[in-house]
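K.L.:
One structure, as structure tokens, below. Some questions next.
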Amino acid sequence: MSFALPITPPSRIKGWVGAADSAGGGVSLPIHYPGTGAQISTLIEDDPIAVDRAVLAARDAFDHGPWPDLSVERRIEVLEACRSIILENADELARLECAATGLVLKELRARHMVRAAYNFRFFGQYIAQSAGQRYDQTPGYMTTVSRTPVGVAALIAPWNAPVALATMKVASALAFGNTCVLKPSEQTPLALARLVHLLQEVLPEGVLNLVNGRGPVTGAALVAHPGVDLVSFTGGTETGRQIMAAAGQNLVPCTMELGGKSANIIFASADLDRALEGALLGIFSNNGQQCLAGSRILVERPVFDEVVGRFIARAEAIRVGDPTDPETEIGPLASLAHMTRVLGYVDTARADGGALLTGGARREDLGAGYFVQPTAVTVPSNAARVAQEEIFGPFATILPFDTAEEAVAIANDTEFGLVSYVWSDHLPTVMRMTENLRSGVVWVNTPMMRELRAPFGGFKSSGVGREGGAACEAFYTEEKTVTIPTVPPTLRQLGMAEED
Ligand code: NAD
């Protein structure tokens, strides 16, 4: 069996600097279609010299270009034009995204591209309303606080939802008047390369640049570049540590959206039908590759057997296959190495005394693509590695609990703290959980409702800083305080002879 490619991508993918393709200069990296494992394109890596040119182009567009000083009205028009370009090209962009990631095409069209377009609208609407502050409590003085763009933003994106996540960064950086250099994951550069080219039609030269390549080469050169003023990163926790250390050398502010091992807590007092749907969506959406996955499913003991039994039956009925088929619910994992790593956690679970509940194997019947069965294990305790380490695949770890206190203790017993899910119709239980869970977001009786106006980000090793309306404004702008006397003040006079 071999699935047809969603689209034939360009044979060579290059970055974009100023008004032309980037210089490259690095090695050639193969891009594979996860649905078949076949090589479908070649990425030309940007070496540190090419990265330097990209940063200088962004620097020039910030220091001398019109973008930072454009009127808000004009900037909103450009952001709206970006939105239109994404919607007009959504099918092509979704197909390119599918070809590099293996994500389900229908979901890419219906969610990722719609979200990507909305990111530009949202930040346009945000800047239309944002205002500074004025303090006049001190008699005789008026003090204003205004916000001004910071400069050149380095935007580094992961492979699990490239366009949806990168456009959040691009739209917010641009909306507040910054220029940027975007570095997608070297595994999934196809749709973002096309999008950056398309957006040049409406953006001034040098405002949005693109560099491609491996993290330790292209990414490291970008983060350490002295011309960069901000770093916004989404990716793994270990990479986040390295990037913050490098950016710290230049005293550059960072936001870090990192990994998770989030608890999806199901109480006996929940609407179990909805909780079950939420648990399935929480771990199997996006081919199971999402930072906010509810990858530890905690179930109150009186309903444990019922919930787990129903979860297994539904997991086994999930349609895994060709990501371009509208019937498919889970496509292939993003790479061979990632699939091998995810499946390796079955043995890890067993070594820690766990038991396989369902799945746990490659779908060999689907050919050479990186297809795996939706998988669930149970383990004796939350100390098991499958309950502590981010697996980032369609792999749930299920644990029982007896009391709300125990549920909180298990949920918080992790180095991560990105999100939590709580399922209960008992208000005091819900309130206790929302107060005590140590995560940046708590979703109650709903899976994954991302409110862009509210901050999104993690406690502990799940992140530093937040993304969202006001959070992005704080990150992508510098505050400037101006104090003016309203009545000329009497000044202390230095060097004047004192009169008797
Ligand atoms: P990754 O950390 O391997 O890579 C992310 C990006 O960083 C890639 O573009 C990579 O090339 C680059 N990079 C790697 N090393 C670098 C370095 N030294 N300097 C500069 N750049 C470098 O992550 P990934 O495997 O692409 O993505 C999966 C991870 O992302 C998971 O841990 C997931 O939880 C996390 N994630 C977090 C969020 C969030 O919002 N918190 C969202 C999506 C994904």
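Residue numbers (the numbering used here): 6 to 505. Quick reminder that beta carbons are idealized off the backbone N, C-alpha and C, glycines included. The structure displayed is predicted, hence computed values, not measured ones.
State the CB to CB distance for the pair P189 and P209, rounded to an integer number of angstroms; the pair is presumed to be in contact (CB under 8 Å).
P.N.:
In the sequence shown, the residue the question calls residue 189 occupies position 184. In the sequence shown, the residue the question calls residue 209 occupies position 204. Actually they are not in contact, since the Cβ atoms of P189 and P209 sit about 22 Å apart, beyond 8 Å.
K.L.:
Report the three-state DSSP secondary structure of P433 (helix, strand or coil).
P.N.:
Indexing the sequence shown from 1 puts residue 433 at position 428. In the structure shown, P433 sits in a helix (DSSP, three-state: H, G or I).
K.L.:
What beta strand (DSSP E) runs, 3 residues minimum, are completely inside the segment 224-289?
P.N.:
Within the segment 224-289, the complete beta strand (DSSP E) runs of at least 3 residues are 235-239, 259-262, 268-271.
K.L.:
Quick check on this structure: which residue in S429, A401, E394, T419 has the alpha carbon closest to the alpha carbon of A409?
P.N.:
Your numbering for residue 409 matches position 404 in the sequence shown. When only C-alpha atoms are compared, the closest one is S429.
K.L.:
Give a yes or no on whether the C-beta atoms belonging to N441 and N417 are separated by under 9 Å.
P.N.:
Position 436 of the sequence shown, counted from the first residue, corresponds to residue 441. Position 412 of the sequence shown, counted from the first residue, corresponds to residue 417. Yes, they are a contact pair.
K.L.:
Compare the C-alpha of E332 against each of F461, R88, A322 and name the closest.
P.N.:
Residue numbering aside, residue 332 sits at position 327 when the sequence shown is read from its first letter. The option with the nearest alpha carbon to E332 is A322.
K.L.:
Where does G137 land, buried or exposed, given buried means 16+ other C-beta within 10 angstroms?
P.N.:
Reading the sequence shown from its first residue, position 132 is the one you call residue 137. Answer is exposed; the Cβ neighbour count stays below 16.
K.L.:
DSSP three-state label for C296, please.
P.N.:
Translated into the one-based positions of the sequence shown, residue 296 becomes position 291. Coil.
K.L.:
Return helix, strand or coil for I403, following the three-state DSSP convention.
P.N.:
Taking the sequence shown and counting its residues from 1, one reaches residue 403 at position 398. Three-state result, I403: strand.
K.L.:
Three Cβ pairs or more, each shorter than 8 Å: is that satisfied between the segment 388-401 and the segment 253-268?
P.N.:
Touching, yes.
K.L.:
Ends of the alpha helix (DSSP H) at H509?
P.N.:
There is simply no residue 509 to check, as the chain begins at 6 and stops at 505 in what is shown.
K.L.:
Regarding I18 and the ligand NAD, is the C-beta to nearest heavy atom distance less than 8 Å?
P.N.:
Residue mapping note: residue 18 aligns to position 13 of the sequence shown, counting from 1. Because no heavy atom of the ligand NAD lies under 8 Å away, the Cβ of I18 does not count as near it: no.
K.L.:
Determine contact between the segment 74-92 and the segment 102-116, defined as no fewer than three beta-carbon pairs at a distance below 8 Å.
P.N.:
Contact fails: fewer than three Cβ-Cβ distances are below 8 Å.
K.L.:
Can you give me the C-alpha to C-alpha distance between V363 and D407, rounded to a whole angstrom?
P.N.:
Your numbering for residue 363 matches position 358 in the sequence shown. Your numbering for residue 407 matches position 402 in the sequence shown. Residue identity check: residue 363 is Thr in the sequence provided, not Val. Each residue's Cα considered, the two are about 24 Å apart.
K.L.:
Relative to the C-alpha of F238, which residue among A280, M261, G29 is closest?
P.N.:
Position 233 of the sequence shown, counting from 1, holds the residue named residue 238. Taking only the C-alpha atoms, the option nearest F238 is M261.
K.L.:
DSSP three-state label for K19, please.
P.N.:
To locate residue 19, count along the sequence shown from 1; it is residue 14. Three-state result, K19: coil.
K.L.:
Among A159, G374, L281, which residue has its Cα nearest to the Cα of V216?
P.N.:
Here residue 216 corresponds to residue number 211 of the sequence shown, with the count starting at 1. If we check each option's Cα against that of V216, A159 comes out closest.
K.L.:
Taking only heavy atoms of the ligand SAM into account, decide whether any of them is closer than 8 Å to the Cβ of T345.
P.N.:
Absence of the ligand SAM from the depicted structure is noted, with the ligand NAD being the only ligands included.
K.L.:
Suppose contacts are defined by Cβ-Cβ distances below 9 Å. Is V384 in contact with D357 by that definition?
P.N.:
Residue mapping note: residue 384 aligns to position 379 of the sequence shown, counting from 1. Residue mapping note: residue 357 aligns to position 352 of the sequence shown, counting from 1. Yes.
K.L.:
Return yes when at least one heavy atom of the ligand NAD lies under 8 Å from the C-beta of K188, else no.
P.N.:
Here the question's residue 188 lines up with position 183 in the sequence shown. Yes, the Cβ of K188 comes within 8 Å of a heavy atom of the ligand NAD.
K.L.:
If you reduce the DSSP assignment to three classes, tell me which class Y375 lands in.
P.N.:
Here residue 375 is taken as the residue at index 370 of the sequence shown, counted from 1. Three-state result, Y375: coil.
K.L.:
Do G500 and S466 have their C-beta atoms within less than 9 Å of each other?
P.N.:
Locating residue 500 in the sequence shown gives position 495, where the first residue counts as 1. Locating residue 466 in the sequence shown gives position 461, where the first residue counts as 1. The answer is no: Cβ separation not under 9 Å.
K.L.:
Restricting to Cα atoms, I'd like to know which of G20, S46, G23 is closest to T13.
P.N.:
Here residue 13 refers to the residue found at position 8 of the sequence shown. Cα-wise, what sits closest to T13 is S46.
K.L.:
Check the DSSP bridge columns for T149 and list the partner residues they point to.
P.N.:
Reading the sequence shown from its first residue, position 144 is the one you call residue 149. DSSP, once it has assigned bridges, lists R139, V487 as partnering T149.
K.L.:
Give me, in chain order, the residues of the same chain whose beta-carbon lies closer than 7 Å to that of T506; leave out the 5 immediate sequence neighbours on both sides.
P.N.:
Only positions 6 to 505 of the chain appear in this structure, which leaves residue 506 out of reach.
K.L.:
Can the beta-carbon of P399 be found closer than 9 Å to that of G40?
P.N.:
Counted from its first residue, the sequence shown places residue 399 at position 394. Counted from its first residue, the sequence shown places residue 40 at position 35. Not closer than 9 Å, so no.
K.L.:
For H343, which of N165, F480, M453, E311 has the nearest alpha-carbon?
P.N.:
For the purposes of this step, residue 343 is identified with residue 338 of the sequence shown, where counting begins at 1. Ranking N165, F480, M453, E311 by Cα distance to H343 puts N165 first.
K.L.:
Starting from the N-terminal side, write out each stretch of the beta strand (DSSP E) that is 3 residues or longer and does not extend beyond the segment 33-70.
P.N.:
Listed in chain order, they are 44-51.
K.L.:
In the DSSP assignment, the alpha helix (DSSP H) including A409 goes from what residue to what residue?
P.N.:
Start at 1 with the first residue of the sequence shown, and residue 409 comes out as number 404. Start and end: 409-417.
K.L.:
If you draw a straight line from the alpha carbon of V446 to that of G287, how long is it in whole angstroms?
P.N.:
For the purposes of this step, residue 446 is taken as residue 441 along the sequence shown, with counting starting at 1. For the purposes of this step, residue 287 is taken as residue 282 along the sequence shown, with counting starting at 1. Computed Cα separation, rounded: 14 Å.
K.L.:
Going by the C-beta, is N255 closer than 8 Å to any heavy atom of the ligand NAD?
P.N.:
Reading the sequence shown from its first residue, position 250 is the one you call residue 255. Checking the Cβ of N255 against the ligand NAD gives no.
K.L.:
Beta carbon of T172: closer than 8 Å to some heavy atom of the ligand NAD?
P.N.:
On the sequence shown, residue 172 is found 167 positions in, with the first residue counted as 1. Flag unset: Cβ of T172 not near the ligand NAD.
K.L.:
Let me check one thing: in DSSP terms, what residues is S425 bridge-paired to?
P.N.:
Along the sequence shown, one-based indexing puts residue 425 at 420. According to DSSP, S425 bridges with A268, V447.
K.L.:
My assumption, with CB atoms under 8 Å, is that G211 sits in contact with A66. Please give the rounded CB distance.
P.N.:
To locate residue 211, count along the sequence shown from 1; it is residue 206. To locate residue 66, count along the sequence shown from 1; it is residue 61. Yes, G211 and A66 are in contact; Cβ-Cβ is about 3 Å, under 8 Å.
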